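Novice:
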Amino acid sequence: MNVDHSNRSEGWKYKSLNASNGLVNNYLDGIFDKRSHYRSGRWKQFEEMSVDDREMKNMNEQCIEIYIFKVKEMIYLNLKSGRKAYEEICKMCSHMFDSKEECLNNSINLSWNDIIIMAPVLYIKRESSDESKNQGMIINLPVTNMLSKLLTNLISLISYNKSDIDYINSTMQYLLINELVDNLDALPEELGMFNDFVGSYTDSLHDTFTQIADNNENMEVLDNYTYFEGYLDRLKMLNNRLHYLSKHLYLGQKKNVTKKKSLLSTFHKKNSHKHMEDHIKKIYNFIYTNNASIEGIRSIYNEEKKTIYSKEEEDFRLYYLRNELLIKNHCSVYIVTAISWFLNQVNLNMYDHNRDIIEIFRDKFSLENINKIIKSIYTYTEFYEQNVINICTKSMGNIIAIVDSTILAYSNKEVNLLKNNLTFSNLIRTMEILLLQYKINSISKEEDHLKNHIGNEMEISHELRPHEHLICLMKYVSKEMEFYISSLKPEYFKQFIVENYHNFKTNVNYVPHETQLYFCTLPGKFFVHRIFINDILHLINTNIL
């Protein structure tokens, strides 16, 4: 999605070619930190371990240790000595590669004090029946590289082209079908006297899905994109029809039942009434959920349609100034992804285990470091450029502050969890528990006056919104990562990454579309998915040469 718009802006530019690739000083990483020793301390210990498992564990520990030691050493070595250090990493991590050439041919760049070095890419290969698709997940991608590369996209938020439209169109169709099918699967198979209505609804739904697929083959992208709204209207009509038929059948049946007065009919009435009430509640909930999904996708459709017709016509400076929320949402996804990757790297022992996690986090994710990264990427002079940077920095700073307080609570053992090590999934759980505790405590407080009580409740609700919003965003990032990780081969390091992004089967309950809880809406889910597919996936996934 990155498009060069240097011809449309005079001051809004990358500082250098390296900056445009996100290659800046590794401020957020621990690989160049001073360490007293390199023996690991965070590795998961097993009470019972076979000889083979113990040997595999030792090999992987030594691989990470020598990688950290040699990469740091490369900063001070000449080209020949650096090459030798590179080969030593290949030798110690040989079990991760099919051959020495594979290690030598796949490298990653790191930067420190304007010195750029190459190190081997350590990865977990993906399962694939196609031998030509030799891909893997990079486990030693520096956190700084990830965040800085994502931040380079700020310059091209204005860009839009036919391939983007094609992607959005196909993704929205998939999202629509997937949401409605999931809702349908959640309905019980037996719904008594409402079975025929639900069966007819299901047939009509499948017919609509078939028409969507057929039209995709016969229409131009833009026509298909515009025509999509007609499908949304049709699906809404199907929901309204199901609601109308079910409602009138329910009311008619209820009216007939109340006319019967015998003892036997009274007993039968109570049982049939109970089942009927249960069935109509499930149908109403299904209709409500479906309508929420359809309206959420309609909101995405309207926003994307507006974007198509405005980006090329509107002055790009005005576009940035008018879309502060877009900038904020992008930067929120970027920093949450970086924090999740940071915790992933911590549990892979890429940071000094002798330091507390809160100490490491505060050292690395300081506002000073965030500002250094941004200033290393961009040169900017105009007001709108500075405005973009300020909005982005503020949104990332707000999230860092919430995460900081959560990690502090975790470190102080204010929340007891099943796992001892802090993972991204545990961070989400900790945040949820703290939020629940805060709500309970606020409710239990005795107030002298009702007016003050209501005012405090409104203030508390407003104060908790950023926390609830962040939890929704973190869950979506975790789900995207978890789905990708499921395709990896069952190698040693996978267990740590799976544990980091394990989402405990928790779902985000959609709320009405509102700005303060955007990431708790279906459009918010789509937004995260789109950034993951277009901007994040290609950073962590590599084609192995």
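All letters in the sequence shown, in the order written, are residues -10 to 534 by our numbering. All residues carry an ideal CB built from backbone N, CA and C; glycine is no exception. Because the structure is a prediction, the values reported are computed rather than measured.
Exposed or buried, what is Ser475 when buried is set at 16 or more other beta-carbons lying within 10 Å of its beta-carbon?
Specialist: With fewer than 16 Cβ atoms within 10 Å of its Cβ, Ser475 is classed as exposed.
Novice: Here's the rule I'm using: 16 or more other beta-carbon atoms within 10 Å means buried, otherwise exposed. How should Met420 be labelled?
Specialist: Classification of Met420: buried, given that the 10 Å Cβ count is 16 or more.
Novice: Could you please give me the residues that DSSP links to Pro109 through a beta bridge?
Specialist: Paired residue(s): Ser96.
Novice: Can you name, in chain order, every residue of its own chain whose Cβ lies under 6 Å from the Cβ of Glu471, other than the five neighbours on each side?
Specialist: Taken in chain order, the residues that qualify are Tyr490, Asn492.
Novice: Just checking: is the beta-carbon of Lys383 within a distance shorter than 9 Å of some beta-carbon in chain B?
Specialist: Considering every chain present, this structure includes no chain B. It has just one protein chain.
Novice: Alpha carbon to alpha carbon, how far is Ile607 from Leu314?
Specialist: With the chain running from -10 to 534 in the structure shown, residue 607 is simply not present.
Novice: Which residue wins for smallest C-alpha separation from Asn102, given the options Lys122, Asn158, Gln124, Tyr65?
Specialist: Nearest option by C-alpha distance: Tyr65.
Novice: Hey, could you find the ends of the alpha helix (DSSP H) Ile128 is sitting in?
Specialist: Segment: none, Ile128 is in no alpha helix (DSSP H) and carries neither H nor E.
Novice: Which residue's Cα is closest to the Cα of Leu146: Ile166, Leu307, Ile388?
Specialist: Leu146 has its Cα closest to that of Leu307, out of Ile166, Leu307, Ile388.
Novice: Do three or more CB pairs link the segment 496 to 512 to the segment 128 to 143 at distances below 8 Å?
Specialist: Verdict: no, contact absent.
Novice: Can you list, in chain order, the residues of its chain with a C-beta nearer than 6 Å to that of Ile389? Leave out the 5 residues immediately preceding and following it.
Specialist: Cβ within range, chain order: Phe354.
Novice: What are the boundary residues of the alpha helix (DSSP H) that includes Thr580?
Specialist: Any question about residue 580 goes unanswered here, given that the chain covers just -10 to 534.
Novice: Note down the Cα distance separating Ile349 from Gly19, rounded to an integer number of angstroms.
Specialist: Going by the C-alpha atoms only, they are around 9 Å apart.
Novice: Touch check for the segment 359 to 371 and the segment 336 to 345: three-plus C-beta pairs under 8 Å?
Specialist: Taking 8 Å as the limit for Cβ pairs, the verdict is that the segment 336 to 345 does not touch the segment 359 to 371.
Novice: Which residues in the same chain have their Cβ closer than 6 Å to the Cβ of Met182, if we skip the five residues on either side of it in sequence?
Specialist: Here the set comprises nothing.
Novice: Skipping 5 residues on each side, what residues in its chain have a beta carbon closer than 7 Å to that of Asp22?
Specialist: Correct list, in chain order: Asp341.
Novice: Would you tell me roughly how many angstroms separate the C-alpha atoms of Phe485 and Glu50, rounded to the nearest one?
Specialist: If you take the alpha carbons of Phe485 and Glu50, they lie about 13 Å apart.
Novice: Can you name the residues that DSSP bridges to Arg115?
Specialist: DSSP output for Arg115 lists Leu477 as bridge partner(s).
Novice: Out of Gln375, Tyr216, Gly188, point me to the one whose CA is closest to Asp174's CA.
Specialist: Cα-wise, what sits closest to Asp174 is Gly188.
Novice: Can you tell me whether Thr504 is buried or exposed, with buried defined as 16 or more other CB within 10 angstroms of its CB?
Specialist: Exposed, since its Cβ has fewer than 16 Cβ neighbours within 10 Å.
Novice: Express the C-alpha separation of Ser117 and Asn333 in angstroms, rounding to a whole number.
Specialist: Computed Cα separation, rounded: 24 Å.
Novice: Cβ atoms of Ser400 and Asp345: under 9 Å apart, would you say?
Specialist: For Asp345 and Ser400, yes; Cβs fall inside 9 Å.
Novice: Helix, strand or coil: which one does DSSP assign to Trp330?
Specialist: In this structure, Trp330 counts as helix in the three-state DSSP scheme.
Novice: Whole angstroms is fine: what's the gap from Tyr369's alpha carbon to Ala108's?
Specialist: Cα-Cα distance, rounded: 32 Å.
Novice: Just how far apart, CA to CA, sit His527 and Leu6?
Specialist: Using only the alpha carbons, I get a separation of about 19 Å.
Novice: Please report the residue range of the beta strand (DSSP E) in which Asn10 lies.
Specialist: First-last for Asn10: undefined, no H or E at that position.
Novice: Alpha carbon to alpha carbon, how far is Leu136 from Trp1? Give it in angstroms, no decimals.
Specialist: In a straight line, the C-alpha of Trp1 is about 19 Å away from that of Leu136.
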